[in-house]
Structure formats: C-alpha cells, structure tokens
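**Q** Below is a structure I'd like to ask you about.
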Amino acid sequence: MSRDKTARCLEEMLAFFLRHCEDRGTLGELYLMSRDSESWCRGHELHRRIREKTQSAERSGDLLGEAQYTFEECCAKTFYNLSDAMVPFSEDTPFWIIPQGFRLARRLELENPYAFTSLLSSEHELGTKFM
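Put into structure tokens, the structure is as follows:
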C-alpha cells in the first residue's frame with residue numbers, strides 16, 4: 001500500500017475514534033498528522049508522549065485507555081516510519097494497527113467493532129479480491 005493510501009486509511013480510523021473516545025488530545029494530533037505528510041517526522045516524539053499515557057493507563061488498570069493509547073502508539077510509529085526516518089520503528093508496526101483498532105472498538109463496546117475502517121468491509125477494494 002502506498003504512503004498516501006496508508007495515511008488515508010489511518011485518517012479514516014482516527015476520525016472514527018475521535019467520535020467515540022473521551023480523550024481526544026493525542027488522538028486529535030494523530031488525525032492532523034494524517035493530513036500533513038510534513039509532520040510525519042514528529043511521530044517519534046508523539047509516540048513517546050502517548051507511551052507515557054499507555055503506561056499510566058496500565059498502572060491504573062484503565063483497560064479502555066490502554067487500548068486507545070496502544071492503538072495511538074501504532075499510528076504514531078507508522079507515521080514516523082512513513083517519513084523515511086533514518087532509524088525507523090520495527091517494520092511490522094503498521095500490521096498492528098487493525099488488531100489494536102479492533103481491540104479499541106471492542107473496549108468501547110461499539111455495536112459493530114469492524115466499523116472503524118473500510119478495510120474490513122466486504123465492499124472495500126482490498127476485501128473484494130478475497131470474496
């Protein structure tokens with residue numbers, strides 16, 4: 001998938017979760033990052049801040065926060081990697097976005113936990129190749 005397509009997919013997911021999550025701080029920053037390729041290089045610093053939130057949620061037993069911030073971490077690392085960073089995060093980072101998004105949707109107790117991305121829709125161009 002191209003960088004632009006990857007960013008558009010992330011933009012879709014981030015916009016979805018912005019409508020459902022109470023803490024929109026770093027989620028909103030990620031959404032803005034999805035729309036501005038020049039900002040992707042700041043993904044490393046954003047990941048560091050999100051990681052602090054993840055660790056705080058883990059310590060306090062906040063399962064919803066942990067799910068949200070883990071999803072956000074994957075997004076931030078992916079943007080950083082898309083920036084052609086000299087020392088990128090692990091190359092498998094983007095493959096964790098869908099599972100973490102699904103986990104977040106389940107923690108939010110959404111009626112359709114697959115609705116956060118059109119990539120999981122049978123009508124999606126990638127999905128129809130396998131139907």
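Just so it is clear: in the sequence shown, position 12 is 12 by full-length UniProt numbering, and no numbers are missing.
Ideal Cβ positions, reconstructed from N, Cα and C, are used throughout, including at glycine.
These numbers were taken from a predicted model, which means no experiment stands behind them.
#1: Just checking my contact of Glu-66 with Leu-30 at CB under 8 Å: how many whole Å lie between their CB atoms?
#2: Considering only the beta carbon of each residue, do Thr-78 and Glu-12 sit closer than 9 Å?
#3: Helix, strand or coil for Met-33, going by three-state DSSP, please let me know.
#4: Thinking C-alpha only, which one of Leu-82, Ser-83, Ser-56, Asn-81 is nearest Thr-70?
#5: Once you ignore the five residues that flank Ala-76 on each side, which residues in its own chain have a CB closer than 7 Å to its CB?
#6: Quick check: what's the CA-CA separation for Cys-74 versus Gln-68?
**A** To lay it out plainly:
#1: The residue you call residue 66 lines up with position 66 of the sequence shown. The residue you call residue 30 lines up with position 30 of the sequence shown. Not confirmed; about 17 Å, so no contact.
#2: Here residue 78 corresponds to residue number 78 of the sequence shown, with the count starting at 1. Here residue 12 corresponds to residue number 12 of the sequence shown, with the count starting at 1. Taking the C-beta atoms as reference points, Glu-12 is found no nearer than 9 Å to Thr-78.
#3: Start at 1 with the first residue of the sequence shown, and residue 33 comes out as number 33. Residue state, collapsed to three classes: helix.
#4: Along the sequence shown, one-based indexing puts residue 70 at 70. It is Ser-56.
#5: Counting from one through the sequence shown, the residue named residue 76 turns up at place 76. Leu-30, Gly-43, Leu-46, His-47, Ile-50, listed in sequence order.
#6: Locating residue 74 in the sequence shown gives position 74, where the first residue counts as 1. Locating residue 68 in the sequence shown gives position 68, where the first residue counts as 1. In a straight line, the C-alpha of Cys-74 is about 10 Å away from that of Gln-68.
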